[in-house]
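Below is one structure; the comments refer to it alone.
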Amino acid sequence: MKRRSFLKTVPLGVAATAVPFMLGTKRAEALMHSPLLDSMSNTTRQDDHVLVIIFLEGGNDGLNTVIPFEDPLYDEHRKHLGFTTVQEKARLTFKLRGDLSMNPFTSALEPLWQEGKMAIVQNVGIENPDLSHFRGLDIWNSASDPDLLVPTGWAGRYLETLYPNYPAILPEDPVAINMGALGSQIFRGSNSMMDIQVHDPRTFSAAGNTSIEPVPQTQGGTELAYVRSLVNIANVYSARFHSLFPEKAVSNVTYPDTPFAQDLQRIAWCVNAGLKTKIYFASLQGFDTHFCQLSKDDSSGAGHAFLLRTFSEAVYAFQRDLEALGNADRVVTMTYSEFGRRVGEIGDYSSGTDHGAAAPHFIIGAKVNGELYGRHPDLGNLDKNGDLVNEFEFRRLYAAVLADWFGVGETLRQSLLTPGRPHDPFDISFPINGSAKNSHLIRSLYPENENAGAPRLMLYPNPAAIQTTLYLAPPMTSSVVDIAIFDVRGRQVATQQAPISQGNEWVTLDVQNLPNGSYFLRIRSETISQSLKLIVSH
Amino acid sequence: MDRRSFLRSIVGAPHKANYSLNSSSLDEWVSDANNPWDSGTVNHIYNRLGFGATVSDIRSALELTPSQLIDQLMDDRLVTDAMPQPPPGYEKWMYTPAYRGPDYMIGHAEDVAQHDAKHDLHMWWTLQMMQSDVQLRERLVMFWHNHFVVEEVKIYYFVHEWRYFDYLRRNAWGNFKQMVKDITTMPAMLKYLDGIWNEEDMINENYARELMELFTMGITDRYGNTNYVQDDVRNLAHSLVGWRFWFEAPPPDVLPHYFADYYFDFNTKRSIWGSEPKVYGLAQANDPRIEADVIDLLFERRAAAIAWHIAKKIYRNFIYMGDLPDSSDEIIQELADTLIASNWELKPVFLKLFKSAHFFDRTHRGAAIKSPFEFMVSLARKMELPVSLYAAGNFWYYGQDIGQFLCNPTNVKGWEGYRTWLNTATLTKRIEAFAYGLAINGVIQGQWCNPHTGYNFDWIPYGDDLVLGWAKQFPSFSSDVVAMLDEMNELMFAIPIDENSLEQIVASSGVVHSYEWPAMTDAQRILPLRRMIFGLLSAPEFQLA
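Protein sequence lines correspond, in order, to chains V and F.
Going letter by letter, the first sequence gives residues 532 to 1069 in my numbering.
Going letter by letter, the second sequence gives residues 3 to 547 in my numbering.
Laid out in structure tokens, this is it:
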């Protein structure tokens, strides 16, 4: 008999099994009898929002990124690495507020901060962190409780709700694109990886023929099926890329000459080419600065200052590129890293830092509420290892992005972000600058996430060309909603009935057969009787 | 199509796809009518314990018993008397100051010297991987490199790197506990995981943490119990304080390490893994103030966890990296018990596993995904490419391109391997650079810059004479194109390509009617042959081992 006292293993099919568990009984029965596709496709908002995830690999030193330079404890803990002298503090001109400054090597981001396009969330971390890179990364990727071993990634589970038959049925565009040579577990779904790796969309090529003969019923056969499916994916998407590139590989700004900037540039091409890809992934390596951290000097072409500059200049160019080509309103970029670093530096001349805990993270974009969130890092109240204590559980960032950017309702959101074990709902609003005033990180299109008094019903997009989604804000008891569409003369042109419940608060309406013009929607259920105006414009 | 074995065993029957699964054990494998000692079995040995079998490997292996073949691959002379000659230029690197340091004098001359020397190591190692008689040794060098990871870009000095790889080669099937002791103070590791910066008043936890998490016991044991807490990391780091190495030492001494006692705290007794508090350190310091050896303590307090962790790593690396059935736990435990019973000698564990019915179980055939180097080297070996020393640098170049930067694993945990090797980007590059480059373009292009010539690495040609020479060793070459392709099928793949796909390859080769083949001249056969080779090398089956 196996004891599993510490790390519990959760089976691969975690997303699929977690969903019925979270829902009411009737819903659960329905899910068990039909593929996830059928149940979920109605619940997903159809929009063109794109998320770019940037992984700072190795554990970014938060205290050398957002610097509490007025705090005497900072000077004490960071005697060598810190900006401690008068001259060094004079270099800290990119101030977030009176006593917090960004590292001078992030100065490329200053215009974005001033334009209100950069949110900084302080003190984000894992509860009871183990200081291992690999556990840290596993937990950030899987969005699990730290004592659970969950093989799937949160982005993979989310994308799987949109494309439950992937890769058996491939959508026209890749679901997610990873610019790295190696995969990230963040995209692992219960059946397969949900991303594809694209080094360069201009040269992405096919991978040959596959057989349709059955594979042997062995472990070898399992792996053969895997390779065949990869060949199929490569063939399908190489045809797609060939239809778009190199013509769509256009940039209106000059990017820095770094591999990381090049990755972001290629993401911008894909976005601009109109790919319906939801999530892009890029990573920057080298943040594991035990030694030779070089926090104040980038001249050697290595170390933390150099990495911050590489990151900042590339992200700035990317944002300006999106703006120049009119794509800025539909892209949000977020960072993550396995942990921050130890508050106290290592000794006298090693000039590095050990693995730590909480750290600041960035969310950048035209639709971002650019503020500093959370309080000044509390250097006087460290945990037993000498690390910063969390203010925000890391999954709150994911919850905020899922809610505000992808419009995922609370029930689904919770089930995506709590694999294997229920958890209290993650708060998706954050205190601005340590004050009592809260805000969402992203200016949401979705009324659930607006402040009190927001409309209870919403239609998006509107005007609509092909389809539009009706959003019915919770709380709702499970019921059936009747929707009727009338033209300006009062003639009923379409009707639709849909079951709605917690976590399933959307109805997608097909409008592509309606002539251009204004319409009224009449929405009726046990608790609602309302009308909305809809404009159809093809 | 009637599949006959051209590499027929003198004892076995022709191989047939027979996938009846045994609930196999670690008992020694014995061939029978359903599971004969044949080319497929030999291929499996070379796929897993090497970088793929050639035609002549298979022919000579079938003269031996499976057990004799494994013994031959793990002959102790290969790690003692028959160690390979070091790369050319070795003496210059070892004893010229520019190649040796010192660290505080890094300048242009040193950079160039290190760069040149490291390329020679990459090229030389690649050629070692091509040699038939040292397949298992070189495969184990890769295995240990991916276990006791160091990254060349951080250790920087070639001499440290050379010494590290030389040690792994000599200890490929040595004593695991001794390896942990030796590697703990090896300059390459002292530098890679910051041991040289670990001092009493600035404890650096890097090596201590990875020593436990990755190199020995893992975070948890078989049953999910935590093996250590943060205090153990801290106290272990204290006990490893003070190890340094000389940058300069007279030949033939190779940059020895030493214990700098002035960094060490002899006044504090510390408990690790719940032990009695003592001044723990390394016995090799030979300092009477150190009361007990911390590596001995580690292997004493956490023997079961270490043995489980290492046995599982060996099992996953050589048997299967995918989801394991629960029954494999018992096999892993048996290997772990063997490791403890042998007092951490690895050879009994390897022999038990590699000769077992479980190793040869048909379900495992083709269940490994080739790493970039397994892919490239197996291709070069099976196609019998003439790879010169200066052409071998191309493998280093392309390896980086397809996800394996030789001597620089992804991170301290090593290359993750298995399905992470293959994705849409790396799969298509494998096919483009190798299958298409070699078969259709007739060359693997020389890349990057060879430090010795200032030009690119040498091209690897695949001219018409080589194509014909290779094809002519298949008995049906002149008589029957489909039979010839099936003979190639037998050589190339762990899981043979299905018949429809083979016929598809013939059809797309330009041979409209297979009955025309016998009348064709060699010159007329070249183009179809190249297309058929492309079909074989680009088949999904060629990604599997």
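Note that beta-carbon positions come from the ideal geometry of N, C-alpha and C, so glycine has one too.
| With respect to the alpha helix (DSSP H) encompassing V/R1055, which residues constitute its N-terminal and C-terminal limits? | Segment 1048 to 1055 is the beta strand (DSSP E) holding V/R1055; no alpha helix (DSSP H) there.
| field | Inter-residue CB distance, V/M861 and V/D579 (contact presumed, cutoff 8 Å) | value | The question names Met, yet the displayed sequence has Arg at residue 861 of chain V. Their Cβ separation, rounded to whole angstroms, is 5 Å, which keeps V/R861 and V/D579 in contact under 8 Å.
| How many whole angstroms separate the CB atoms of F/V235 and F/R211, which I take to be in contact at a CB cut-off of 8 Å? | 5 Å
| request: Note down, in chain order, each residue of its chain lying with its Cβ closer than 7 Å to the Cβ of F/L170, except the 5 sequence neighbours on either side. | output: V143, W146, H147
| Is V/F1074 close to chain F, meaning its C-beta is less than 7 Å from at least one C-beta of that chain? | Outside the modelled stretch of chain V, which goes from 532 to 1069, sits residue 1074 of chain V, for which no answer is possible.
| query | Pairing CB atoms from the stretch 793 to 810 of chain V with CB atoms from the stretch 721 to 734 of chain V, are three or more of them under 8 Å? | reply | yes
| By the criterion of Cβ-Cβ separation under 7 Å, what are the contact partners of V/H821 in chain F? | Neighbours of V/H821 on chain F, chain order: D196, N206, N208.
| Neighbourhood of V/M649 by C-beta, 7 Å cutoff - its chain only, sequence neighbours within 5 removed | L640, L643, F893, I895, V899, G901
| task | Ignoring anything shorter than 4 residues or poking outside the stretch 151 to 232 of chain F, list the alpha helix (DSSP H) runs there in chain order. | result | 154 to 157, 160 to 172, 178 to 186, 189 to 194, 208 to 212
| query | Using DSSP with H/G/I as helix, E/B as strand and the rest coil, what is V/F842? | reply | It is helical.
| task | Specify the secondary structure class of F/Y265 as computed by DSSP and reduced to three states. | result | helix
| task | Could you check what DSSP says for F/M132 in three-state terms: helix, strand or coil? | result | helix
| field | F/V469 versus F/Y399: straight-line alpha-carbon distance, rounded | value | Looking at the two C-alpha atoms, the distance is approximately 24 Å.
| field | DSSP state of V/A650 mapped onto helix, strand, coil | value | strand
| message | Residues in the same chain with beta-carbon distance under 8 Å from V/A756, minus the five sequence neighbours each way, listed in chain order, please. | response | V746
| task | Determine, using beta carbons only, whether V/L910 and V/D602 come nearer to each other than 7 Å. | result | In terms of Cβ geometry, V/L910 and V/D602 form a close pair [threshold 7 Å].
| request: Anything in chain V within Cβ reach of F/Q506, meaning under 9 Å, just list it in chain order. | output: N740, S742
| task | Just the chain V side, please: which residues come within less than 8 Å of F/K415 by C-beta, in chain order? | result | Ordered by position in chain V, the residues that pass the 8 Å Cβ test against F/K415 are H664, F665.
| Segment limits, alpha helix (DSSP H) that includes V/H892 | That residue, V/H892, is in no alpha helix (DSSP H); its beta strand (DSSP E) goes 890 to 895.
| field | Local Cβ density within 10 Å of V/V939, reported as buried at 16 or more and exposed below that | value | Buried.
| task | Kindly indicate which three-state DSSP category F/E140 falls into: helix, strand or coil? | result | helix
| said: To the nearest angstrom, how far is the alpha carbon of F/T56 from that of F/S69? | reply: 19 Å
| So which of V/N709, V/G714, V/F772, V/S1056 has the shortest CA-CA distance to V/E703? | V/F772
| message | For the stretch 759 to 778 of chain V, list every residue whose C-beta sits within 8 Å of some C-beta in chain F, in sequence order. | response | R759, L761, V762, I764, A765, Y768, S769
| field | Bridge-paired residues (DSSP) for V/E924 | value | DSSP lists V/G656 as partners of V/E924.
| So F/L123 and F/F160 are in contact, right, with Cβ under 8 Å, and what is the actual spacing, rounded? | About 7 Å; that satisfies the 8 Å criterion.
| task | Return the residues of the stretch 833 to 861 of chain V that lie within a Cβ-Cβ distance of less than 7 Å from chain F, sorted by chain order. | result | none
| Counted within 10 angstroms of its Cβ, other Cβ atoms place V/R952 as buried (16 or more) or exposed | exposed
| field | C-beta neighbour in chain V for F/L550, strict 7 Å | value | Since the first residue of chain F shown is 3 and the last is 547, residue 550 of chain F is not available in this structure.
| request: Could you run through the stretch 357 to 373 of chain F and flag, in chain order, every residue whose CB is less than 8 Å away from some CB of chain V? | output: R364, T365, H366, R367, G368, A369, A370, I371
| task | Report the rounded CA-to-CA distance for V/N591 versus V/P790, giving the unit in angstroms. | result | 19 Å
| query | When the Cα of F/D203 is compared with those of F/S62, F/V414, F/S241, which residue comes out closest? | reply | F/S241
| request: Please go through the same chain and pick out, in chain order, the residues whose beta-carbon is closer than 6 Å to the beta-carbon of F/E153, but skip the five residues on each side of it. | output: Hits under 6 Å: N410.
| Which of helix, strand or coil does DSSP assign to V/K626? | In the structure shown, the three-state DSSP call for V/K626 is strand.
| Sufficient close CB pairs (3 or more, under 8 Å) joining the stretch 223 to 239 of chain F to the stretch 681 to 688 of chain V | no
| Just by C-beta distance, which residues in the stretch 796 to 827 of chain V are closer than 9 Å to chain F? | Q816, D819, H821, F822
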